[in-house]
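Asker: In this note's numbering, the protein residues as written are 562 to 883.
Just so it is clear, CB atoms sit at the ideal spot from N, CA and C, and this is done for glycine as well.
1) For a quick check, are the C-beta atoms of residue 671 and residue 865 less than 8 Å apart?
2) From what residue to what residue does the alpha helix (DSSP H) around residue 624 run?
3) So the candidates are 613, 775, 603 and 654; which of them puts its Cα closest to the Cα of residue 810?
4) If we ignore side chains and look at the alpha-carbon of each, how far apart do residue 850 and residue 668 end up?
5) Residue 820 to residue 767, Cα distance in whole Å?
6) List the endpoints of the continuous alpha helix (DSSP H) containing residue 788.
7) Would you tell me roughly how many angstroms separate the C-alpha atoms of residue 643 and residue 769, rounded to the nearest one?
8) Going by CA-CA distance only, name the one from 843, 742 and 782 that's closest to residue 695.
9) With 16 as the cutoff for other CB atoms within 10 Å, does residue 607 come out buried or exposed?
10) Starting from residue 657, trace the alpha helix (DSSP H) in both directions and tell me its first and last residue.
11) Alpha carbon to alpha carbon, how far is residue 562 from residue 584?
12) Tell me whether the beta-carbon of residue 771 lies closer than 8 Å to the beta-carbon of residue 618.
13) Could you tell me whether the Cβ atoms of residue 808 and residue 605 are closer together than 8 Å?
14) Check each candidate in 589, 676 and 656 and name the one with the smallest Cα separation from residue 722.
15) By DSSP, does residue 562 sit in helix, in strand, or in coil?
16) May I have the straight-line CA-CA distance separating residue 708 from residue 861, to the nearest angstrom?
17) Between residue 632 and the ligand COA, is there a pair consisting of the residue's CB and a ligand heavy atom that are separated by less than 7 Å?
18) Need the endpoints of the alpha helix (DSSP H) that residue 590 sits in, please.
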């Protein structure tokens, strides 16, 4: 029996605008808006509300994701596939949840210390880490030209970092770790979503990942941000006065739908198209961030960004040929 969302998807795919089906068009637009929004909303929370708890914020994201995915399951909007055995859950869902939590938490920690504009330049190194992870986790052999395309990717970020006025080593390392873990997640997640025996739809995957993610992030919050417990009364008081919780809920909502859009765009488009979209997203995110936070981006940083994006495009064209 078709669910609400499957019927909606079929209807959108049958409608076309300028040769592109409406489902793909809306997924790409949503992906752009949510990608640009999430980093800037989180940075706004850290900056304007002096909210110094990025790991706790990530936990609240997962609570929001569990809420939305549970409502979807209860209302029957999606077809949920049950994971019947502990073995499958522990081998497939739990490792992905650990990687996902670590990547998002590291990204939020990075945004606490550096501006979104610089963070976006650093995340453009994703192809570099994808190549490394693919080599380590799979049996695929990569030819010399693939490795050669990594030089401008790494070199461009190095150039952009050279005269970054607001460079912070902790923020830089956190974003690098987040980018590397995101590459691991993409490879692992791709295998899980395409495995015919255990294939899961995006909402089901978020639903199963959320509970262990919440538990892990709560433990990490107690370990790295214990002051949130001591300052809980003050946090609640500030929330009532400054609408902090409204922004936090907005951030969690964006994070949930961004997870869904990431999977839908991957499903509807090619790897090359996704790389092009990612490059455009980096540039737009930098522009929006500068407009909001009024931070300076040097000419050298723009040159470094362009070199990194060109390297990513080169890598994407090589992988398409192969």
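Answerer: Let's see:
1) For residue 671 and residue 865, no; Cβs fall outside 8 Å.
2) Per DSSP, residue 624 is one residue of the alpha helix (DSSP H) stretching across 615-636.
3) 603
4) 16 Å
5) 8 Å
6) Segment 788-791, the alpha helix (DSSP H) holding residue 788.
7) 9 Å
8) 742
9) buried
10) Segment 655-674, the alpha helix (DSSP H) holding residue 657.
11) Caution is warranted here: a pLDDT of 42 is assigned to residue 562, below 50, making its placement in the model unreliable, and no coordinate value can be reported.
12) Contact flag unset, no.
13) yes
14) It is 676 whose Cα lies nearest to the Cα of residue 722.
15) Any reading at residue 562 is ruled out, since the residue's pLDDT is 42, under 50, leaving its predicted position unreliable.
16) 25 Å
17) In terms of ligand content, the structure shown is empty, and the ligand COA therefore cannot be addressed.
18) 583-609
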